[in-house]
Ligand code: ATP
Ligand code: MG
Ligand code: MG
Ligand code: MG
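Numbering (the numbering used here), first residue to last: 69 to 550.
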């Protein structure tokens with residue numbers, strides 16, 4: 069079953085259970101100061117859960133584009149190194165806003181996984197919230213009882229508050245979750261369990277696929293819990309991880325979607341996948357990052373020097389560096405890969421096809437501009453690292469990291485990554501100090517030079533840097549003082 073078929077089956081299954089299928093919200097969040105990127109399916113439904121708005125439908129389902137590279141969920145360092153964390157991924161979800169609750173959610177999850185997708189029962193485990201006495205939260209006995217109808221008791225694993233209790237913040241809706249894990253090890257390895265049950269904390273091939281959150285409490289300011297008048301279900305399942313289980317693979321990068329991207333990269337770079345670990349990591353990182361970058365651009369977020377735009381630029385430069393240093397690519401390649409991506413994912417996300425030309429142009433420009441300084445930057449960092457090592461030290465100074473950032477366009481996390489690959493680290497605090505000093509300098513300069521102009525949207529002004537030929541899509545906004 070292809071990724072597209074798996075996605076459609078999920079949606080039609082929940083449609084058959086009375087759910088309205090709604091579109092993915094944009095991955096780039098424009099109207100929420102607390103969140104830069106959508107990191108879970110429920111983000112767009114926050115107001116229904118908080119009771120600030122009434123939903124048209126009490127049952128909805130969708131596939132949500134998510135990005136986990138900042139804030140509470142930051143999986144960037146995992147990507148390419150493990151085989152199941154992405155920057156951008158699709159989260160399949162079903163929701164009940166004050167409608168069905170644990171009984172239906174669990175039984176449908178089970179019906180879908182074992183009845184429709186036909187995952188063998190002996191490959192599945194579930195975790196349930198074990199309660200937390202100190203915090204006054206009870207064990208989720210109800211979910212345990214429901215699960216016992218479907219799965220052997222020794223496959224129902226008690227789990228702590230850290231993983232299996234969801235809270236929106238210090239106060240507000242919260243409740244236990246139950247998570248479903250799939251065991252991807254070979255049959256012979258699976259028989260070696262010796263009675264010990266595993267979840268992904270224990271083994272890299274026993275992977276969490278689906279989280280079902282049951283919001284039933286409201287946390288009050290004094291820390292106590294009261295029952296919510298309306299209970300909600302919020303679930304999230306990683307489409308790519310589900311595809312791994314259904315396609316009999318052990319890595320997300322072996323599913324059809326990623327294989328298409330990796331094969332395109334093999335052609336571009338003349339490097340084979342599956343031959344050696346460093347080039348494999350590079351191919352995986354690039355196949356992952358191109359999705360984050362292309363989806364951000366189609367959602368209206370161009371790479372830039374501030375905020376969400378800088379997050380995208382960092383991801384892009386990280387991918388380019390892997391291509392340049394590990395795959396020996398000296399010309400733009402991500403832009404070519406973005407064309408392939410539009411082919412592969414354009415049916416489910418038409419914006420990729422509709423904006424393909426823009427995506428290609430923006431990525432190519434970014435690549436060209438970064439390629440111009442990359443070689444010198446890499447020479448410079450190699451020299452710096454040699455100096456540090458020759459002194460018997462392990463840390464690259466903040467001012468050196470700042471020079472790489474300022475002169476060579478190396479984002480801090482790229483410098484950190486290269487340092488880490490060489491057994492070194494960065495003095496990040498000192499880097500921050502240098503960065504703040506520069507901001508102060510430029511603020512002072514702006515105040516002098518723009519005497520009768522007030523810049524109300526500083527971020528968009530900075531966004532303009534390096535994009536002067538793209539004036540139609542990037543706006544330089546200055547306002548005359550009145
Ligand atoms: P993990 O423990 O593996 O990091 P999580 O507990 O952070 O996952 P949830 O917040 O529960 O993940 O999200 C719901 C589902 O989304 C997960 O069960 C998983 O299938 C998927 N998912 C989460 N993070 C990623 C990621 N970085 N890449 C791909 N899929 C992911
Ligand atoms: Mg996580
Ligand atoms: Mg988890
Ligand atoms: Mg989880």
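Idealized CB from N, CA, C, for every residue including glycine.
Asked: Counting only runs of 3+ residues fully inside the stretch 92 to 166, write out the beta strand (DSSP E) ranges in chain order.; Found: 127 to 135 and 156 to 165
Asked: Would you kindly check if the distance between the Cβ of residue 199 and the Cβ of residue 189 is under 9 Å?; Found: no
Asked: Kindly indicate which three-state DSSP category residue 465 falls into: helix, strand or coil?; Found: coil
Asked: Please report how far the alpha carbon of residue 511 lies from the alpha carbon of residue 489, in whole angstroms.; Found: 36 Å
Asked: If you draw a straight line from the C-alpha of residue 155 to the C-alpha of residue 110, how long is it?; Found: 18 Å
Asked: Between residue 313 and residue 493, what straight-line distance do the alpha-carbon atoms span, to the nearest angstrom?; Found: 37 Å
Asked: Based on the DSSP secondary-structure assignment, which residues constitute the bridge partners of residue 287?; Found: 240 and 293
Asked: Using alpha carbons as the reference points, say which of 279, 178, 120 and 441 lies closest to residue 217.; Found: 178
Asked: Whole angstroms is fine: what's the gap from residue 469's alpha carbon to residue 457's?; Found: 15 Å
Asked: Nearer than 8 Å: is that true of the beta carbon of residue 309 relative to any heavy atom of ligand 2?; Found: no
Asked: When a residue counts only if its C-beta is closer than 6 Å to some heavy atom of ligand 3, which residues count, in chain order?; Found: 231 and 276
Asked: Helix, strand or coil for residue 187, going by three-state DSSP, please let me know.; Found: coil
Asked: Using CA atoms only, rank isn't needed, just tell me which of 255, 297, 378 and 193 is closest to residue 119.; Found: 297
Asked: CA-CA distance, residue 410 and residue 421?; Found: 5 Å
Asked: Could you tell me whether any non-hydrogen atom of ligand 4 is closer than 8 Å to the CB of residue 247?; Found: yes
Asked: Would you say residue 106 and residue 79 are within 9 Å of each other, going by their C-beta atoms?; Found: no
Asked: Leaving aside the five residues before and after residue 125 along the sequence, list all residues of the same chain whose C-beta is less than 7 Å from its C-beta, in chain order.; Found: 88
Asked: Compute the distance between the beta-carbons of residue 483 and residue 324, then report whether it is under 9 Å.; Found: no
Asked: How many Å lie between residue 176 and residue 464 at the Cα?; Found: 53 Å
Asked: Consider the C-beta atom of residue 320 and the heavy atoms of ligand 4; say whether any pair is separated by less than 8 Å.; Found: no
Asked: Going along the chain, which residues of its own chain have a beta-carbon closer than 8 Å to the beta-carbon of residue 171, five neighbours each way excluded?; Found: 214
Asked: State the beta-bridge partners of residue 227 as determined by DSSP.; Found: 197
Asked: Out of 219, 224 and 196, state which residue places its alpha-carbon closest to the alpha-carbon of residue 557.; Found: Residue 557 is absent from the model: the chain starts at 69 and stops at 550.
Asked: Three or more C-beta pairs under 8 Å: does that hold for the stretch 321 to 338 against the stretch 365 to 381?; Found: no
Asked: Do you know how far the Cα of residue 436 is from the Cα of residue 400?; Found: 6 Å
Asked: Which of helix, strand or coil does DSSP assign to residue 305?; Found: strand
Asked: According to DSSP, is residue 299 part of a helix, a strand, or is it coil?; Found: strand
Asked: Under a three-way DSSP split, which group does residue 70 fall into?; Found: coil
Asked: Where do the ends of the beta strand (DSSP E) carrying residue 179 lie?; Found: Counting along the chain, residue 179 falls outside any beta strand (DSSP E), and DSSP gives it neither H nor E.
Asked: Could you tell me which of 424, 370, 300 and 333 sits nearest to residue 166, measuring between CA atoms?; Found: 300
Asked: Taking only heavy atoms of ligand 1 into account, decide whether any of them is closer than 8 Å to the Cβ of residue 468.; Found: no
Asked: Where does residue 304 land, buried or exposed, given buried means 16+ other C-beta within 10 angstroms?; Found: buried
Asked: For residue 170, which of helix, strand or coil comes out of DSSP?; Found: helix
Asked: Using only the heavy atoms of ligand 4, determine whether one of them is closer than 8 Å to the beta carbon of residue 396.; Found: no
Asked: In the DSSP output, which residue or residues are listed as bridge partners for residue 493?; Found: 463
Asked: Can we say the stretch 336 to 351 touches the stretch 81 to 95, given the rule of at least three CB pairs closer than 8 Å?; Found: no
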